[in-house]
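Structure, as structure tokens:
2 protein chains.
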Amino acid sequence: MMTEQGQHRVVIVGAGFGGKYAARALRRADARVTILNGTNHHVFEPLIYQVATGLLSPGEVATPVREFFRGQRNTEVLQGWVTDVDVQSRTVTATGADGTPYQVPYDTLIMAAGAGQSYFGNDRFAEFAPGLKSIDDAVELRARIFSAFEMAELETDPAAAERWLTFVVVGAGPTGVELAGQLAEIARRTLPGEYRRIDPSKARIVLVDAVDRVLPTFSAQSSAAAEKRLRRIGVEVRLGTKVVDIDATGVTVETSAGTERLAAMTKIWSAGVAAAPLARRLAEATGAPADRAGRIQVNPDLTVPGHPEIFVIGDLMSLDRLPGVAQVSIQSGGYVGRTIRDRLAGKPAGRPFHYFDKGNIATVARFSAVADLRGLRLSGLAGWLLWLGVHWAYLPRGRNRASSLIRWAVAFLGRRRPERAVTSRQINARAALGQATATEAAAPPPVPVSS
Amino acid sequence: MMTEQGQHRVVIVGAGFGGKYAARALRRADARVTILNGTNHHVFEPLIYQVATGLLSPGEVATPVREFFRGQRNTEVLQGWVTDVDVQSRTVTATGADGTPYQVPYDTLIMAAGAGQSYFGNDRFAEFAPGLKSIDDAVELRARIFSAFEMAELETDPAAAERWLTFVVVGAGPTGVELAGQLAEIARRTLPGEYRRIDPSKARIVLVDAVDRVLPTFSAQSSAAAEKRLRRIGVEVRLGTKVVDIDATGVTVETSAGTERLAAMTKIWSAGVAAAPLARRLAEATGAPADRAGRIQVNPDLTVPGHPEIFVIGDLMSLDRLPGVAQVSIQSGGYVGRTIRDRLAGKPAGRPFHYFDKGNIATVARFSAVADLRGLRLSGLAGWLLWLGVHWAYLPRGRNRASSLIRWAVAFLGRRRPERAVTSRQINARAALGQATATEAAAPPPVPVSS
């Protein structure tokens with residue numbers, strides 16, 4: 061064992077932005093730090109949509125956690141899905157890559173397990189409209205997007221081909237806006253010229269949200285600029301439009317004018333998030349209240365009421381109606397790491413956590429983004445250059461940063477997308493699903509494509 | 061439809077090296093060319109092992125087929141697994157991405173479906189020792205390799221940890237040699253410093269083959285140089301050693317000294333190939349003889365006996381004991397494309413196919429490769445520079461070539477591997493497998509890792 065017995069043990073559950081910045085802030089703390097993460101990588105979530113749309117490779121947004129902490133000698137990384145927390149014995153239970161459970165004791169616990177997709181009680185939507193929270197999601201979505209054009213090319217029934225060429229994005233927050241913009245670029249810039257029977261540029265991209273503007277957390281001015289830009293690149297923006305059903309072949313929406321059916325084979329869900337299931341276990345164990353999204357309500361110092369040894373950060377905490385964005389995770393992680401370091405050094409408790417809102421930024425298309433900074437609003441190219449600078453600054457240093465920049469240069473100046481491979485396993489899984497849903501979806505009978 | 065009815069239709073089954081070069085040679089032919097491929101990508105097979113070992117991303121070795129043929133207007137690409145050939149009606153049957161079958165008629169057929177892994181009748185080995193023929197294989201193998209170190213870090217039983225840190229590569233051809241070399245570099249260069257409980261550099265890498273030298277298709281001199289280099293970087297080379305059984309926890313081998321058990325959780329099969337199952341269907345339909353690996357015996361002009369309208373190329377053809385290497389596929393594809401083009405132009409039949417052996421090349425470690433060219437033998441750095449030049453020349457033009465070069469530069473000069481992400485879905489699949497095999501493998505009971 062690397063550290064002496066008896067040293068204070070800090071266990072961090074999750075290596076997203078919150079867990080990573082918390083561990084970083086503990087690098088000089090008099091503690092033995094253990095990071096537990098279900099996979100071997102930290103995901104740079106703001107760029108996952110670029111994996112889903114073939115711009116970046118998984119490795120460019122998913123960096124090995126243990127590589128990052130290689131030189132931080134008081135910290136170890138263990139692969140494990142945390143399934144339970146025993147607050148009496150101060151032990152977490154995790155399962156390793158082969159499914160074997162193991163226990164890790166803690167003196168101080170940082171819960172940073174993050175959030176997953178929420179379908180607001182309509183979990184049956186998940187199969188037809190996957191979300192975009194993990195590398196698995198991104199790779200699955202990428203397969204659906206690029207396969208849809210392949211299927212359209214094979215179709216002889218024009219209505220069926222049109223269904224394959226219709227993409228519905230549910231939720232007009234940053235991820236939904238960025239995805240819709242990317243889909244428009246795939247259809248109008250990347251794929252034209254590659255097909256002989258269909259015209260990919262005719263693809264229909266529909267962005268649906270029940271609220272009355274895109275990017276509702278941005279300023280009204282930025283929302284309007286983003287919407288205008290989306291319409292200009294050919295995205296159908298359908299606001300005040302509520303999704304009431306999703307199935308294999310389309311989406312049923314409700315507007316003030318009544319109910320409407322959007323026939324679409326590819327649907328993407330970016331409408332809601334909910335705290336990781338572990339939050340409920342923690343709420344039960346500690347009696348801490350949770351909000352509607354399952355997040356734990358924390359004290360001003362981000363501890364759980366009655367448990368000064370348990371901190372909850374990022375998307376898992378409910379505090380002052382803070383949004384579920386990377387900056388909240390980064391700042392709460394850093395705050396908690398520093399708090400614990402100071403505690404162990406015997407310093408008095410510092411100020412409560414204060415979120416410094418650096419602003420919002422979202423890309424709409426290449427060379428076009430909207431940004432709301434403190435008092436400054438940028439859109440178009442100026443916003444996009446800012447987006448580039450910010451992501452450059454926050455991307456992990458090293459070769460991924462360099463290779464991402466090259467990928468972006470090639471993609472933004474050219475038309476190609478380097479990561480389009482859909483594998484046999486993905487195709488077989490989809491084919492099995494397609495055959496299972498073919499009957500209920502009343503799909504047209506197989507027709508030979510060649511005359 | 062892009063071309064007039066009645067034009068000669070050439071159907072190419074498979075977009076590996078053979079199919080791709082055949083289609084390319086038909087670019088000015090008076091024919092309508094249809095390429096059918098099961099996935100959407102051409103795989104640059106000689107570099108798949110670099111995907112399996114975290115150096116390159118899938119998109120860097122898997123390039124979209126239709127992007128390549130974008131500007132070749134007489135050629136269309138359809139996604140389809142060809143399941144059958146009707147030589148009477150001259151029609152192939154394929155299934156698209158949703159599993160729906162469709163037919164494509166041909167006037168001339170080029171069969172280029174390639175080869176898959178062969179376990180020489182021991183198909184039960186496949187689950188425990190996957191091969192390396194597709195992107196799926198590479199991504200699966202990558203998950204097994206990097207997860208093995210994670211599992212070792214969690215083990216408290218030293219014998220179990222040692223099993224996780226033992227890697228057995230079966231088959232000492234180019235793929236096996238390159239994999240073993242990469243595994244040694246992962247263990248000795250990439251991972252040291254990242255773990256706190258295990259020493260990754262202590263990992264044991266065993267390369268097993270029944271024959272008496274590595275790279276048996278190379279010159280004796282090159283084989284000896286490669287073996288020496290492998291031993292120097294810490295690979296255990298076990299020649300004259302036959303694999304008689306593989307299960308979840310190890311490999312049983314047989315040597316002149318008797319039977320031995322190698323305890324190893326990670327096994328990789330690179331020992332044999334067999335023609336795609338479609339070859340058997342074609343042999344049945346045409347009465348053409350097939351060899352032991354299921355390959356079709358062809359005429360000197362690569363047509364099937366009695367069927368001048370059907371060509372068989374690459375790993376699917378049996379001719380003059382030619383090896384299953386990329387150059388045979390490339391050259392036979394080009395030959396067949398030119399033959400068909402000339403036939404359609406009314407020219408008399410040309411010479412039979414003649415394979416021009418450009419030589420063999422295999423990397424052993426960074427800055428070290430062995431190469432047998434016509435009369436020239438290189439090893440070490442000289443061989444490696446040649447390897448770099450050859451792969452640079454054959455890699456598809458464009459951004460993948462540039463990004464691969466950057467990845468290589470970073471990997472060869474530094475120690476990192478940028479594509480190490482093992483996803484939740486992969487971990488869950490492995491956990492399910494692990495639990496299923498735990499009993500029969502008599503795995504040790506779960507033990508808490510922390511004291």
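Protein chains in written order, with the numbering used here: chain A, 61 to 511; chain B, 61 to 511. Idealized CB from N, CA, C, for every residue including glycine.
Is residue j closer than 9 Å to residue i when the C-beta atoms are compared?
{"i": "R398/A", "j": "A85/A", "result": "yes"}
{"i": "G174/A", "j": "D375/A", "result": "yes"}
{"i": "A422/B", "j": "L275/B", "result": "yes"}
{"i": "I293/B", "j": "A425/B", "result": "yes"}
{"i": "G197/A", "j": "A336/A", "result": "Residue identity check: residue 197/A is Asp in the sequence provided, not Gly. In this structure, A336/A does not lie closer than 9 Å to D197/A by Cβ."}
{"i": "S282/A", "j": "D432/A", "result": "yes"}
{"i": "Q177/B", "j": "A334/B", "result": "yes"}
{"i": "G231/A", "j": "W329/A", "result": "yes"}
{"i": "T216/A", "j": "A324/A", "result": "no"}
{"i": "E120/B", "j": "P478/A", "result": "yes"}
{"i": "A270/A", "j": "T301/A", "result": "yes"}
{"i": "A125/A", "j": "V93/A", "result": "It should be pointed out that residue 125/A corresponds to Val in this sequence rather than to Ala. No, Cβ-Cβ distance for V125/A and V93/A is not below 9 Å."}
{"i": "V430/A", "j": "A285/A", "result": "yes"}
{"i": "S389/A", "j": "D351/A", "result": "no"}
{"i": "G114/B", "j": "F185/B", "result": "no"}
{"i": "R289/B", "j": "S428/B", "result": "yes"}
Determine the DSSP secondary structure at residue i, reduced to helix, strand or coil.
{"i": "N97/A", "result": "strand"}
{"i": "I195/B", "result": "helix"}
{"i": "D144/A", "result": "strand"}
{"i": "R92/B", "result": "strand"}
{"i": "S439/B", "result": "strand"}
{"i": "S510/A", "result": "The predicted position of S510/A is uncertain, since its pLDDT is 37 and thus under 50; no value can be drawn from it."}
{"i": "M62/A", "result": "With a pLDDT of only 40 at M62/A, under the threshold of 50, the placement of this residue in the model should not be trusted, and no figure is reported."}
{"i": "Q67/B", "result": "coil"}
{"i": "Q495/B", "result": "At Q495/B the pLDDT is 49, less than 50, meaning the model places this residue with poor confidence and gives no usable figure here."}
{"i": "S117/A", "result": "coil"}
In chain A, which residues lie less than 8 Å from residue i when you measure between Cβ atoms?
{"i": "M171/B", "result": "None at all; the shortest Cβ gap to chain A is about 18 Å."}
In chain D, what lies closer than 7 Å to residue i by C-beta?
{"i": "D196/A", "result": "Absent from the structure: chain D. Protein chains present are A and B."}
Could you give the distance in angstroms between the alpha-carbon of residue i and the alpha-carbon of residue j?
{"i": "G318/B", "j": "D305/B", "result": "14 Å"}
{"i": "A502/B", "j": "S316/B", "result": "Legend: pLDDT at A502/B = 32, less than 50; position of this residue unreliable, value from coordinates given subsequently. When rounded, the distance between both Cα atoms is 29 Å."}
{"i": "G191/B", "j": "Q148/A", "result": "48 Å"}
{"i": "V303/B", "j": "I265/B", "result": "16 Å"}
{"i": "M62/A", "j": "V297/B", "result": "Residue placement at M62/A cannot be trusted, given a pLDDT of 40 that sits under 50; what the coordinates show is reported in the next sentence. Cα to Cα, M62/A sits roughly 34 Å from V297/B."}
{"i": "A453/B", "j": "R461/B", "result": "9 Å"}
{"i": "L362/A", "j": "T160/A", "result": "32 Å"}
{"i": "G79/B", "j": "E210/B", "result": "40 Å"}
{"i": "A83/A", "j": "D90/A", "result": "12 Å"}
{"i": "F188/A", "j": "S194/B", "result": "27 Å"}
{"i": "R133/A", "j": "R87/A", "result": "8 Å"}
{"i": "L465/B", "j": "N97/B", "result": "28 Å"}
{"i": "E105/B", "j": "E127/B", "result": "18 Å"}
{"i": "R485/B", "j": "T483/A", "result": "15 Å"}
{"i": "A348/B", "j": "D272/B", "result": "35 Å"}
{"i": "Q163/B", "j": "G140/B", "result": "10 Å"}
{"i": "Y395/A", "j": "V268/A", "result": "37 Å"}
{"i": "D402/B", "j": "L299/B", "result": "48 Å"}
{"i": "A343/B", "j": "V137/B", "result": "26 Å"}
{"i": "S261/A", "j": "S392/B", "result": "37 Å"}
{"i": "R381/B", "j": "Q357/B", "result": "10 Å"}
Given that residue i touches chain B, what residues does it touch there, using C-beta distances under 9 Å?
{"i": "H101/A", "result": "R480, A481, V482, T483"}
Note down, in chain order, every chain A residue with its Cβ under 9 Å from the Cβ of residue i.
{"i": "E254/B", "result": "P124, R126, E127, F129, R130, V137"}
{"i": "A323/B", "result": "Ordered by position in chain A, no residue passes the 9 Å Cβ test against A323/B, which lies about 16 Å from the chain."}
{"i": "R490/B", "result": "A157, D158, G159"}
Find the residues of chain B that neighbour residue i, judging by a C-beta separation of less than 8 Å, and give them in chain order.
{"i": "G98/A", "result": "S484, I487"}
Check: Residues in the region 303-318 of chain B with C-beta within 8 Å of chain A's C-beta atoms, listed in sequence order?
Finding: none
Checklist line | Residues from the region 152-168 of chain B in contact with chain A, defined by Cβ distance under 8 Å | finding: T155, G156, A157, D158, G159, T160, P161, Y162, Q163, V164, P165
Next item on the list: With 7 Å as the C-beta to C-beta threshold (strictly closer), list the residues of the region 115-140 of chain B near chain A in chain order.
Entry: S117, P118, G119, A122, P124, R126, E127, R130, E136, L138, Q139
Next item on the list: Give the residues from the region 206-232 of chain B that approach chain A closer than 8 Å (Cβ to any Cβ), ordered along the chain.
Entry: F206, S207, E210, M211, E213, L214
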